[in-house]
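First comes the structure, then the notes that go with it.
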Amino acid sequence: MKLYEYLAKQMLAEHGVPTGGGIVCETPEQAEAAARKIGPCAVKAQVLVGGRGKAGGIKLANTPAEAKARASEILGMNLKGYTVDKVLIDPQLTIEKEFYVSITLDGMAKLPLIMASAAGGVEIESVPHDQIVFAHVDITTGLLPFQCREIARKIGLTGDLAKQFVKVLTGMYNAFRKYDAELVEINPLALTDNGTRLVAADGRFNVEDDALFRHPEFPTVDEGTELEKKVKAIGLAFVQLDGDIAVMANGAGMAMGTLDVLSHYGGRPANFLDAGGGSGVEPTAQAFDALLATSPKAIFVNIFGGITRCDLVSEAIIQVKQSKGINVPLVVRMVGTNDVRGREMLAESGIEAYTEMGEAARAVVKAAYGKEA
Amino acid sequence: MKLYEYLAKQMLAEHGVPTGGGIVCETPEQAEAAARKIGPCAVKAQVLVGGRGKAGGIKLANTPAEAKARASEILGMNLKGYTVDKVLIDPQLTIEKEFYVSITLDGMAKLPLIMASAAGGVEIESVPHDQIVFAHVDITTGLLPFQCREIARKIGLTGDLAKQFVKVLTGMYNAFRKYDAELVEINPLALTDNGTRLVAADGRFNVEDDALFRHPEFPTVDEGTELEKKVKAIGLAFVQLDGDIAVMANGAGMAMGTLDVLSHYGGRPANFLDAGGGSGVEPTAQAFDALLATSPKAIFVNIFGGITRCDLVSEAIIQVKQSKGINVPLVVRMVGTNDVRGREMLAESGIEAYTEMGEAARAVVKAAYGKEA
Amino acid sequence: MAVIINKDTRVVVQGITGSQGQFHTGQMLAFGTQVVGGVNFDKAGQEVHGVPVYATMSEAVERGGANASIMFVPAPGAKDAAYEAIHAGIKVLVLIPEHVPTQETMEIMQYARQHGCRVVGPNTFGLISPGENAKMGIMPNHIYKPGPVGIVARSGTLSYEIAFTLSNNNLGQTTVIGMGGDRVIGTNFVDALELFNADDATEAIVMVGEIGGIQEELAAEYIKQHVRKPVVAYLAGKAAPAGKRMGHAGAIIEGNRGTYQSKVDALSAAGVKVAALPWEVAELVKESLK
Amino acid sequence: MAVIINKDTRVVVQGITGSQGQFHTGQMLAFGTQVVGGVNFDKAGQEVHGVPVYATMSEAVERGGANASIMFVPAPGAKDAAYEAIHAGIKVLVLIPEHVPTQETMEIMQYARQHGCRVVGPNTFGLISPGENAKMGIMPNHIYKPGPVGIVARSGTLSYEIAFTLSNNNLGQTTVIGMGGDRVIGTNFVDALELFNADDATEAIVMVGEIGGIQEELAAEYIKQHVRKPVVAYLAGKAAPAGKRMGHAGAIIEGNRGTYQSKVDALSAAGVKVAALPWEVAELVKESLK
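Protein chains in written order, with my numbering: chain A, 2 to 374; chain B, 2 to 374; chain C, 49 to 338; chain D, 49 to 338.
Right under this line is the structure:
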C-alpha cells in the first residue's frame, strides 16, 4: 500500500528525519492558514501517482492568499485519474543540490537494499548505474552507523553533512523495519540553508500489503477500481484489463497462462482472476457473478482440478445460472479431479465443457466475436 | 548496578510481566494508604541484599493499621548493614506452586542464558542441575515464542499457563535487552488464583555498570563504602579489605598478584587498588592520598612500568609527601620504563625502593608489624 | 533418484491439526511419504491419520526423527514456526503459507542460511519425487509418475497442467519443485537447475516461469555456463500489462525489468527451447530427449 | 613462527588520531609492525607517524590492504567500529577498549563468528609476536624477546612482569596473547592453547590466570585431553575475598565458581605446574624444557 507524501513524511519525521514540517490541508482556507505559519510555500497535490509536478499538481505560493488560490486550483483537480482531496503546504526550499536515497526489498539477495546517489531529483531509473551506490543491509544485524558513513562518503558527503546523512538513513531504515515497508524513498534529499542542512523534500513510503495486519494504524488507501475492490473483498486476486472476454482460472500461473492462450487465439481478456486453489462453492459463485456483471462478450473458465474439485466449480457456475441466468456465451475447460462429473453436470445444464485448453480458447473467441480465431 | 525489587518489578511490568501491582512507600502513613488500596499485604523491606525474609525484612499485614505498624517496624531498620528507607506494599498471594526463571549473561557461551525451574522459591544454587532448564538465546535473532514454549513445556506448563509464561519470558528478555541487564530474575514466579495465573512475586534486576551511560533514567545506587566511592570518583578500581597494609599497583592482575605476594609473606592487605596503566601524576597522587587517609600500618606500592612511567609514579608520591607528609612506613617496588630514574627520585626523598617484588613485600611486612615475615 | 527429498526423508507437519494440515497429511501419506509427526503445542498427544502430534519441533526431531518439515501455519505465525524448525535442526523446510511479510521471509532466509537449512517457498505448492514416493506439498497425487524430467515452477496449477501432459506422454518426473510465487524465496531456478544438473536420473529440465523479477534471466545465465542437459521452458504472462501484479507478489513488470520478451530472449540465447503454449512443452521435451 | 599475527599481518588502527591511538601506533611501528593505515571518518587524508588515515575500514582494506585491526575507539562506539571492521573483511580484530557493554560484546562475537573473524579482547593489552616484529597491542616493547614460550594472560601488567622475568632468563616468546579481563572475550585459554599446541615453534606454554569464571577449569580439561607440551600457570587472586570484583569484570568469585583453589586443583590434575609466586614461573618453565 502506498502512503501519501504527507504520511510518508510523517513516518520519516517520527524517526528523526528532517522533513521541512509541511502541513496537510483539505480546504483552501486551511491552506491559507498553513501558509501563514510556513511562509513562502509549495502547494502539493497528495496523490499516489508519479509526475504530478508536470501535470500541474505542484504550485508555488509566496503569500497566504496565493496559497489559498493555488490550493483551490489543485483541490478537486483530476490528476491521472485520481481526484485530489488533500494538499501539502510545504516550505519553499532553496536547494543547493539534490540527492537520492531509498531502501527497497531485494528479492534476489533476499536482503534490504539501500540505493543512494548524488544525482537526485530525477527518477532513479534514469540515473546511470555507476552513479548509484548500492548497499545491502544484513537484516538480522540491522543498519549500523558505519555503513551509513560509507554511503555518505561515496555520494560526496563529509563532516557534519555525513553525520546528518547517518541520521537520515538510520531513521529511514528504522521506519522501513517498523512499518514493514517495501519502499522508503527520499527524492530529493535536498541540501539547503547554504549547504548546511539535509531535508527530505519529497518522500515515498510503500507498506507491504501482506504486513498490513500488523499496522492497523494506517488508513486503508485502496488503489483499485470498484470491480477490483469487490472481487478482492471475496479474497481473490483480480485485475481488470482492457478486453471483453471475462476469464476465470484457478491459480495465478494458470490464470496468466489462460490470458496468454486466449490472446494467442485473438481473444481480448477483460480481466485476470485467480479463483484460488480449493476455494469453496460460494466464493467461486460470487466471483463468477461479479464477472457476469461487467457484461463481457463471453466468459472463459479454465480449471485444472488439483486440489480444486471440478464438480464444485460446476456447482458454483450452475448456481449462478439458476439464480440470475447467464446471458453471455460461456465456455468451460475442465480437467483433473472429478472432471468427468463436473463436465457432466455442466452438460446437463446446457453449458459447453472442453478438455483441451486450446480448443476451448478458440471456441470462446468464436463465441465472443462470431468468427473463427 | 542492582535495582531495588520495586524498580525491578516496574521494569518488568513495563514489558507486560504481571507483578501484583505493589506500591512503594517511604513512611508508615504511605504504607497504610497503600494497604487500603491493596488489601491484605506483605510489607517488604527494599534492600539490595539477599535473605531479607529470614532477617525480618518481610512481614504480613491484613489491615491498613497492621501495614502501618509493620512498616514502621521495618523502615529505618538495619538489614545486614543497610538502612531500610523504602518498603513495598505487595498484595498477599495464595500460591499454588513456585517457579524460577532468570536471564543472565553466559560468558563462556557468549550468549544470554535462560534458566527456568519448577523448583522455584529457593536460591537457584540449591536446585539440582537436572531440575533446571538451560537455554541460550541467539542474541542477534532474539528470543522467539517457540523457545519460550519449549521451556514452558519442560517445566510443566501447558495450555493457557504456557501462553502466560511466553508473555512473562518475552517481557523479561525485552527488558533484559532494553536496559542492558546482567541479571533479570523472577523467583518465585508464583502460580496463583487457583492455578490460573502466573505472577512475579519477587524480582531482581541488575543493570550492567558498563552500560549505565545509556540509561540515565536509573537513579544511581552506589553500593560501596565512603572510601570506595571516593577512589572510584578518581576513576580507579578500588575495593576495601580487612587488613592494615595499604596497597597500590598498576593493572588489575598486578594488583591482585601484589595482594597474594603480600599475604604470602604474612601481610594483611587493606585494599585492592588498580592505579591504572599510564595514569597521570594527579590521579595517582589522589589515590595515594586516599590510601594515606585510612591510616594503614604501612603502604606498599608495586609498579611494573610498561606504559606506566616509573618516574611519574615517583613524582606523584613525592608530591604527596611534600604537601601532606607520609607518616607511615612506605615501601616501593619499581621496575620497567624509567625505573632507574624513578628509584633515584624516591631515594633522594628518603623513600626505600626495591626491584624484587618478594623482597619488597617482606620489607613492608616487617615495617608494618615490626618483625620478619 | 531425485533431488531434495527421497524415500528417506522423514517429514513433520507444522500445523498438522488445521484443516489444510490434516487434509494434506492424508494426501502425503497416501502418496507413500514418511510422515513421522506433526506439531501443535496445545494438541500434543493426539494423532492425525495415525501420525503422532508433538508439542514442539524439538520433540518431533528428537522423538520422531524428523529431518524435514512442511508448514501449514498461517502467515502471522510463519516466522516463529520457521525459526523453531531450523533451530530444531530441520534441513529441508517447505513453507506453504502465502502472505508472509517479505521482511520476515528475509529473516527466515538468513537464519536458514546460517544453519544450513534448505528452504522451499514460501507461497509454494511444495515438492514431490514420484519415484521415491516422497511428497512435501499440496499438489494432486495422481498427475505425476516416475521418469527422467525435472520440473521447477513458480506457479502451482500451471505446473500441474504441464506435469500432467508430460505424464500422459509417458514423460515422468524425478522431482517437481515449486519455487513459490513470492518475491523472496528459498530455492530459485538457479538452485533447482544446479540440483537437476547434478542428478544422474534427470535427463531433461522443464522450467515453468512467469513475468516479473529477473529469475529467468539469471537462470539463462546459469544454463549457458553450466547446464548441458536439455532445458525446456514455458513462461506465463505474455499478455499481462506492465505495472499490474498478477496474483503472485513476484509477478509484476516493474520499469524495464521482468518482461516476457526479455525472459524469452535470455533463455533462447542460452539454448533453452521456449514453448509458446503450455501443451507444447511435452513435445519439446520429447524432441530434446531423442 | 608465531600464532595469530606475524610479519605478514597488515594492521589498521581504528581511532588512530586519538591520543592512545597515536601513541601506540608509534610504538607498534617502532616494534617493526606493518601498520598500513588508520581510520577516522573526519580526518581522512591526514597522516599519523607517516601512516595514512582513511575515512572507513573498507577503504583501509581496499586501498591499504589491511587484514587485521586494532581498535582504540571508546566503548560506546566499539560495536559500530567492530562491525565495520568485520564487514570490511578483517580477519584479526583486537579490541583494546574496556567497559564495552557485555550484550554488545556478545553481538560482536556472533557477527565475528558468522564472518570467520578472530577477535582478541575486549579489554585486552593485545598480542605480540617478538620474532616476527609483529605487535597489535599496548604492551611495552622492550620486555619481550624471540623464543620458545607461548604466553596467554588475562591481565596486562602481571603478564608483563612474568614475560620480563622469562626474557631475563633467556626464555623468549613465540607470541604473547592478552585475553582481556571481561566476562565475554573473543579468544580464551582454550583457543590459545589450541593455537600454541599446533605451533611448532612453541615449546612451552605459560598461562597467567586469575580468580573468577571457569576459564582456567575448562583450560585444564583441554590440556588433559589435547596438550602434550609443558604448561606452567600463575594464578592471581589467592588473597581476594569472595563476592568482590577485583578490577576485571571477570575477576569475581560467585557462589562456588571461580575460586583460586578450584583452578589450582583442576590445573594440577591436568599436569600443569602452578607457580605460587609470579617470579617462580621462569624457573618452572626452565625445568620443564630440560
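For glycine and all other residues, C-beta sits at the position ideal for the given N, C-alpha and C.
Quick check: is the beta carbon of residue i nearer than 7 angstroms to any beta carbon in chain D?
i, result
"F206 (chain A)", "no"
"L106 (chain B)", "yes"
"R150 (chain A)", "yes"
Shortest alpha-carbon distance to residue i belongs to which of the options?
i, options, result
"D181 (chain B)", "D:V148, D:T223, D:V320", "D:V148"
"M184 (chain C)", "C:F244, C:A318, C:I144, C:A103", "C:I144"
"S207 (chain D)", "D:E95, D:P188, D:V84, D:V121", "D:P188"
"A348 (chain A)", "A:V332, A:A362, A:E124", "A:V332"
"V302 (chain B)", "B:E30, B:A354, B:D203, B:V138", "B:A354"
"Y159 (chain D)", "B:V314, B:V102, B:T141", "B:T141"
"L228 (chain B)", "B:S264, B:L292, B:V167", "B:L292"
"M109 (chain A)", "C:G260, C:P124, C:Y131, C:A126", "C:G260"
So that I know if they touch, is there some Cβ in chain A lying closer than 7 angstroms to that of residue i?
i, result
"Y192 (chain D)", "no"
"Y131 (chain D)", "yes"
"K338 (chain C)", "no"
"M227 (chain C)", "no"
Does the distance from the CB of residue i to the CB of residue j come in under 7 angstroms?
i, j, result
"T20 (chain A)", "L94 (chain A)", "no"
"E146 (chain C)", "N181 (chain C)", "no"
"Y192 (chain C)", "Q151 (chain C)", "no"
"I96 (chain A)", "C26 (chain A)", "no"
"A330 (chain D)", "N217 (chain D)", "yes"
"A240 (chain C)", "V200 (chain C)", "yes"
"A284 (chain C)", "G254 (chain A)", "yes"
"A276 (chain A)", "A288 (chain A)", "yes"
"L190 (chain A)", "N207 (chain A)", "no"
"A117 (chain B)", "V134 (chain B)", "yes"
"K286 (chain D)", "Y308 (chain D)", "yes"
"F120 (chain D)", "Q82 (chain D)", "no"
"F147 (chain A)", "D128 (chain D)", "yes"
"T104 (chain D)", "E218 (chain A)", "no"
Kindly say whether residue i, judged by its beta-carbon, lies nearer than 7 angstroms to any beta-carbon of chain C.
i, result
"P146 (chain B)", "yes"
"K179 (chain A)", "no"
"L260 (chain A)", "yes"
"I75 (chain A)", "no"
Kindly indicate if chain B contains any beta-carbon less than 7 angstroms away from that of residue i.
i, result
"F89 (chain C)", "yes"
"H135 (chain D)", "no"
"Y270 (chain D)", "no"
"D128 (chain C)", "yes"
**OP:** Name, going along the chain, the residues of the region 99–120 of chain C whose beta-carbon falls closer than 9 angstroms to a beta-carbon of chain B.
**Re:** Taking 9 angstroms as the Cβ-Cβ cut-off against chain B, the residues of the region 99–120 of chain C that qualify are A103, T104, M105, S106, E107.
**OP:** May I ask you to list, following chain order, the residues of the region 152–174 of chain A that have a beta carbon less than 8 angstroms from some beta carbon of chain D?
**Re:** Hits within the stretch, in order: R154, T159, G160, A163.
**OP:** Note down, one range per segment and in chain order, each alpha helix (DSSP H) of at least 4 residues found wholly within the region 262–329 of chain C.
**Re:** Within the region 262–329 of chain C, the complete alpha helix (DSSP H) runs of at least 4 residues are 263–274, 308–317.
Original post:
Which full runs of the beta strand (DSSP E) of 3+ residues lie inside the region 339–363 of chain B, going along the chain?
Top reply: If only complete runs of 3 or more residues are kept, the region 339–363 of chain B shows the beta strand (DSSP E) at 353–355, in order along the chain.
**OP:** Run through the region 245–311 of chain A for me and flag every whole alpha helix (DSSP H) of 4 or more residues, listed as ranges in chain order.
**Re:** Counting only unbroken stretches of 4 or more residues, the alpha helix (DSSP H) elements lying wholly within the region 245–311 of chain A are 253–265, 282–293, in sequence order.
Subject >> Contiguous alpha helix (DSSP H) assignments of at least 4 residues, all confined to the region 64–109 of chain D >> reply: Runs of the alpha helix (DSSP H) inside the region 64–109 of chain D: 67–79.
Subject >> Interface residues of the region 54–70 of chain B facing chain C [CB-CB below 9 angstroms] >> reply: Hits within the stretch: zero.
Original post:
If you scan the region 143–215 of chain D from start to end, which runs of the beta strand (DSSP E) of 3 or more residues do you find wholly inside it?
Top reply: Correct list: 166–168, 174–177, 182–185, 194–201.
Subject >> Against chain C: residues of the region 126–142 of chain B by CB proximity under 7 angstroms >> reply: Taken in chain order, the members of the region 126–142 of chain B whose beta-carbon sits within less than 7 angstroms of a beta-carbon on chain C are T142.
Original post:
In chain order, which alpha helix (DSSP H) runs of at least 4 residues are fully inside the region 16–80 of chain A?
Top reply: Entirely contained in the region 16–80 of chain A, the alpha helix (DSSP H) runs reaching 4 residues are, in chain order, 29–39, 65–75.
Original post:
What residues from the region 286–317 of chain D come within 9 angstroms of chain B, judged by C-beta to C-beta, listed N to C?
Top reply: Per Cβ criterion, the list reads K286, A287, A288, P289, K292, R293, M294, G295, H296, A297, G298, A299, G303, N304, Y308.
Original post:
Going along the chain, which residues of the region 240–267 of chain D sit with their C-beta nearer than 8 angstroms to a C-beta in chain B?
Top reply: Against chain B - using a Cβ distance shorter than 8 angstroms - the residues of the region 240–267 of chain D are V256, E258, I259, G261, I262, Q263, L266.
Original post:
For the region 85–172 of chain B, which segments carrying the beta strand (DSSP E) assignment without a break, of at least 3 residues, lie completely within its bounds, in sequence order?
Top reply: List check, beta strand (DSSP E) in window: 88–92, 98–107, 112–118, 133–137.
Original post:
Taking Cβ-Cβ distances below 7 angstroms as the criterion, which residues of the region 142–165 of chain D are in contact with chain A?
Top reply: Flagged, chain order: Y159.
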